[in-house]
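Numbering (this note's numbering), first residue to last: 2 to 173.
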Amino acid sequence: MALVAGCAVVTACGSDPTPPPQVPEAPPPVAEVPPPPPPPAVDDNPNQSNVQISEDIKRACGITDAEAYFAFDSANVREPDRAIMRKLATCFTTGQLKGRSMRLVGHADPRGDEEYNRVLGQRRADNVKAAIVTAGMDGNRIATTSRGEDEATGTDEAGWARDRRVEILLGN
2 MALVAGCAVV TACGSDPTPP PQVPEAPPPV AEVPPPPPPP AVDDNPNQSN
52 VQISEDIKRA CGITDAEAYF AFDSANVREP DRAIMRKLAT CFTTGQLKGR
102 SMRLVGHADP RGDEEYNRVL GQRRADNVKA AIVTAGMDGN RIATTSRGED
152 EATGTDEAGW ARDRRVEILL GN
């Protein structure tokens, strides 16, 4: 009997115990990251012009409405403005303002570095000049400058859009 009990013990000791069932570990919790803010508007209104023409020039050249703004961080002259540039070039070369000079003043909204905004305003003025020269006006009669963010008044997207412009004024 001791032999049978010993065999039973040896048999019990010789077999591997059943391992506990494997429970998959839960992945560590992932911190929720808020979605990034929407990008700034890159095309405020593609049908709106990006120049602001003085009343004197509008009257003399027969331009009815040409107040416009640039898209955020853009100096591109939009397609709707090209017709205005042609009308200005004609007015300053063969129209009522023949022989007069023009002054272009670029502006930027207050977001960004002050020097960057001054350069951006200058690029805007230079691009409007290039469009007017392409339309036929002598570039030597067009002066460009930038006010950067100096005259910016906007405090929201609509106000900042109004800050992004080029003023077209009669030269001296």
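By construction, the Cβ of each residue, glycine as well, lies at the ideal position given by its N, Cα and C atoms.
Original post:
Is the beta carbon of V78 less than 8 Å from the beta carbon of A126?
Top reply: As a working note, residue 78 is residue 77 in the sequence shown. As a working note, residue 126 is residue 125 in the sequence shown. No. Outside cutoff.
Subject >> At least three beta-carbon pairs within less than 8 Å, the region 102-120 to the region 143-155 >> reply: yes
**OP:** Grab me the residues of R124's own chain with a C-beta within less than 6 Å of its C-beta, minus the 5 sequence neighbours each way, in chain order.
**Re:** Numbered from its first residue, the sequence shown carries residue 124 at position 123. Same-chain partners within the cutoff: A76.
**OP:** Would you identify the three-state DSSP class for E103, choosing helix, strand or coil?
**Re:** One-based indexing of the sequence shown puts residue 103 at position 102. With the sequence shown as reference, residue 103 is identified as Met, and Glu is not the correct amino acid for it. Residue state, collapsed to three classes: strand.
**OP:** Using the Cα positions of I85 and D114, report the straight-line distance between them to the nearest angstrom.
**Re:** Position 84 of the sequence shown, counted from the first residue, corresponds to residue 85. Position 113 of the sequence shown, counted from the first residue, corresponds to residue 114. Roughly 31 Å between the two C-alpha positions.
Subject >> Buried or exposed by the 16-neighbour rule on C-beta atoms within 10 Å, applied to D82 >> reply: Within the sequence shown, residue 82 is the residue found at index 81, counting from 1. A residue is called buried once 16 or more other Cβ atoms fall within 10 Å of its Cβ, and D82 is buried on that count.
Subject >> D110 versus C92: straight-line alpha-carbon distance, rounded >> reply: Position 109 of the sequence shown holds residue 110. Position 91 of the sequence shown holds residue 92. Between the alpha carbons of D110 and C92 lies a distance of about 30 Å.
Subject >> I85, enclosing alpha helix (DSSP H) - first and last residue >> reply: Mapped onto the sequence shown, residue 85 falls at position 84. Where I85 is concerned, the enclosing alpha helix (DSSP H) stretches over 80-94.
Original post:
Roughly how many angstroms separate the alpha carbons of R163 and G155, rounded to a whole number?
Top reply: Locating residue 163 in the sequence shown gives position 162, where the first residue counts as 1. Locating residue 155 in the sequence shown gives position 154, where the first residue counts as 1. Straight-line Cα distance between these residues: approximately 7 Å.
Subject >> CA nearest to the CA of N173, picked from R60, K88, L98, E152 >> reply: Here residue 173 is taken as the residue at index 172 of the sequence shown, counted from 1. Minimum Cα distance to N173 is reached at L98.
Original post:
CB-CB under 7 Å to E152, same chain, minus the five flanking residues each way: which ones, in chain order?
Top reply: The residue given as residue 152 occupies position 151 in the sequence shown. Cβ neighbours of E152 beyond the five flanking positions: H108.
Original post:
Can A90 and I58 be called in contact, C-beta distance under 8 Å?
Top reply: To locate residue 90, count along the sequence shown from 1; it is residue 89. To locate residue 58, count along the sequence shown from 1; it is residue 57. Cβ atoms of A90 and I58: not closer than 8 Å.
Original post:
Beta-carbon separation of L105 and I64 under 8 Å?
Top reply: Locating residue 105 in the sequence shown gives position 104, counting from the first residue. Locating residue 64 in the sequence shown gives position 63, counting from the first residue. Cβ atoms of L105 and I64: not closer than 8 Å.
**OP:** Please list, in chain order, all residues of the same chain as N46 whose beta carbon is under 6 Å from its beta carbon, the five residues on each side excluded.
**Re:** What you label residue 46 is simply residue 45 of the sequence shown in a count that begins at 1. Here the model assigns N46 a pLDDT of 40, short of 50, so the residue's position is not dependable and the matter cannot be decided.
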